[in-house]
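S.K.: Residue numbers (the working numbering), protein chains in the order written: chain A, 2 to 82; chain B, 2 to 82; chain C, 22 to 170; chain D, 22 to 170.
Glycine is no exception: its CB is placed at the ideal position from the N, C-alpha and C atoms.
Being a predicted model, the structure only gives us computed values, none of them experimental.
Would you mind keeping the following structure in view while I ask a few things?
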Amino acid sequence: MDVLYFAWVRERIGLPRERVESDAATPRALVEELRAREDRYAAAFADLSALRVAVDQKLTDFDAPLDGAREVAFFPPMTGG
Amino acid sequence: MDVLYFAWVRERIGLPRERVESDAATPRALVEELRAREDRYAAAFADLSALRVAVDQKLTDFDAPLDGAREVAFFPPMTGG
Amino acid sequence: MSAPLDIRVQAEAFDAGAELNAFAARTDGMGALVTFNGIVRADGGLTAMEIEHYPGMTEAALTEIAAEAAQRWSLGAVLVIHRHGALRAGETIMMVATAAPHRADAFAAADFLMDFLKSRAPFWKRELGPDGASWVAAKDSDEAALGRW
Amino acid sequence: MSAPLDIRVQAEAFDAGAELNAFAARTDGMGALVTFNGIVRADGGLTAMEIEHYPGMTEAALTEIAAEAAQRWSLGAVLVIHRHGALRAGETIMMVATAAPHRADAFAAADFLMDFLKSRAPFWKRELGPDGASWVAAKDSDEAALGRW
């Protein structure tokens, strides 16, 4: 699947998007896999309460099913307007 | 004092403003004097609950003191905006 | 904060877009800007409108309402333009604009201005339709709206 | 009523006044028109702003929010324009406009749009000031505002 990062999550991880091969069942499980990779992921995902997640461009929660998802995005709370 | 009429009050009475010599203590008393004059006044002032009054360009009520007032205006509820 | 109040009562048509841009330019530094525009509705065969007002009292009432808004909320500026005389369907009757550092203040102040302007500023509308002219009746809901504040 | 929704996400600056006039012209017959304009504030030495967004999801989220507003209130039309990229102090970030037969609907819908746009549309602001750049933190009050609806 494609994993996207925005705002300071993008900055901490150091890239805006990457291809990830994963069988993670939920965004939370995907985060655990990413955290285990490198310090920069651990730093970006240190506090999930400070983050939001979208699956296939729909805002959802960290325990939503990832079954068949093509695109998962992690980002801080939004500040539009 | 000057007595002003607006909207359908003006139309029923047939003039926008007139000079009235009166010692009426309140707008209500002034209305009684005007009503006694002619049918057109009686028609315009038939239902005071449908009317509003301003004394010296300040919205007030029919029992407010008229002491020293230079200008009294009668009109229907306002419909601006 | 003593917000500048710009109050205009006029027969002439005005360009609402140009007024919005001018208002935004002179309230530089305010993050939130709300406008309300009242337009002559074209429904029910309405072809035109005439607005009567009470010269002198109108300006005083609008200024008082705007000053009250500026006291209740933290505003950078307030604009009120209201026309009188003859208007055609589709023409802009009036415009209110509020500028504030925070959007909640700008929204509340504009909403408040409209509620009070509607029932406390001396304007009277007469509609001209296919069956002739008739004075617009005040709505109970407009009077009731004042109770919100 | 199925109100037309005009949703635009763009890097280019836009003329808020011209948009207001164009919106008013195409919602002929609606008596009430409310706009909100968000402007880059010039306070705290802020000199510029950068807005990041999530292409694709942004448009979908804004359309969903606007459609929800059009379902809750009787509206004639909804306009949302939101910029991304680099903006200078004083520039217009975004604009919302609602047209309705009645002013209460136009006000409520614009207020609703702003609350949801603020916390549910994928935009992130970064402010550039004298001490460098920093991401704008979401306010608890913005999340809490959603509870009003």
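#1: Taking only the alpha-carbon atoms, compute the straight-line gap between W170 of chain D and F133 of chain D and give it to the nearest angstrom.
#2: Among C:E164, C:F57, C:K160 and C:G97, which one has its Cα closest to the Cα of R62 of chain D?
#3: In whole angstroms, what separates the C-alpha of A91 of chain D from that of P17 of chain B?
#4: Can you name the residues of chain A whose CB is closer than 9 Å to the CB of S14 of chain D?
#5: Less than 8 Å between the CB atoms is what I'm expecting for A44 of chain A and R13 of chain A, so what's the real figure, rounded?
#6: Looking at the C-beta of A8 of chain A, does it have a partner C-beta in chain D at a distance below 9 Å?
#7: Do A25 of chain A and E19 of chain A have their C-beta atoms within less than 9 Å of each other?
#8: Just to confirm, are L83 of chain D and L138 of chain D a CB contact at a threshold of 9 Å?
#9: Please classify A121 of chain D: does DSSP put it in a helix, a strand, or coil?
#10: Under 7 Å between beta-carbons, which chain G residues line up against V157 of chain C? List them in chain order, please.
#11: Taking E148 of chain D and S155 of chain D to be in contact with their CB atoms under 8 Å, please state how far apart those CB atoms are, rounded to whole angstroms.
#12: Listed in chain order, which residues of the stretch 51 to 85 of chain C have Cβ atoms closer than 8 Å to some Cβ of chain D?
#13: I'd like to know if the stretch 73 to 81 of chain D and the stretch 50 to 64 of chain A are in contact, where contact means that at least 3 CB-CB pairs between them fall below 8 Å.
#14: Look at the alpha carbon of I114 of chain D and the alpha carbon of R53 of chain B, and state the distance between them as a whole number of angstroms.
#15: Could you give the DSSP three-state label for M116 of chain D: helix, strand or coil?
#16: Taking a Cβ distance cut-off of 7 Å, strictly less, list which residues of the stretch 40 to 67 of chain A are near chain D, in chain order.
#17: Less than 9 Å between the C-beta atoms of I102 of chain C and R29 of chain C, yes or no?
#18: At a Cβ threshold of 9 Å, is P122 of chain C touching chain D?
#19: Does chain C have any CB closer than 9 Å to the CB of D36 of chain D?
#20: Just to make sure I have the definition right: I need the residues of chain D whose C-beta is within less than 8 Å of the C-beta of F128 of chain C. Which are they?
#21: Can you list, in chain order, the residues of its chain whose CB lies under 8 Å from that of S23 of chain C, leaving out five sequence neighbours each side?
#22: Where do the N-terminal and C-terminal ends of the alpha helix (DSSP H) with L26 of chain D fall, by residue?
M.R.: Here's the rundown:
#1: 7 Å
#2: C:G97
#3: 45 Å
#4: A query on residue 14 of chain D cannot be resolved here, the shown segment of chain D reaching from 22 to 170 and no further.
#5: 5 Å
#6: yes
#7: no
#8: yes
#9: strand
#10: No chain G is present in this structure, whose protein chains are A, B, C and D.
#11: 6 Å
#12: M51, G52, A53, L54, V55, T56, F57, N58, G59, I60, V61, R62, A63 and D64
#13: yes
#14: 45 Å
#15: strand
#16: A55, Q58 and L60
#17: yes
#18: yes
#19: yes
#20: F57, F128, A131, D132 and M135
#21: A91
#22: Not the alpha helix (DSSP H): L26 of chain D falls in the beta strand (DSSP E), residues L26 to Q31.
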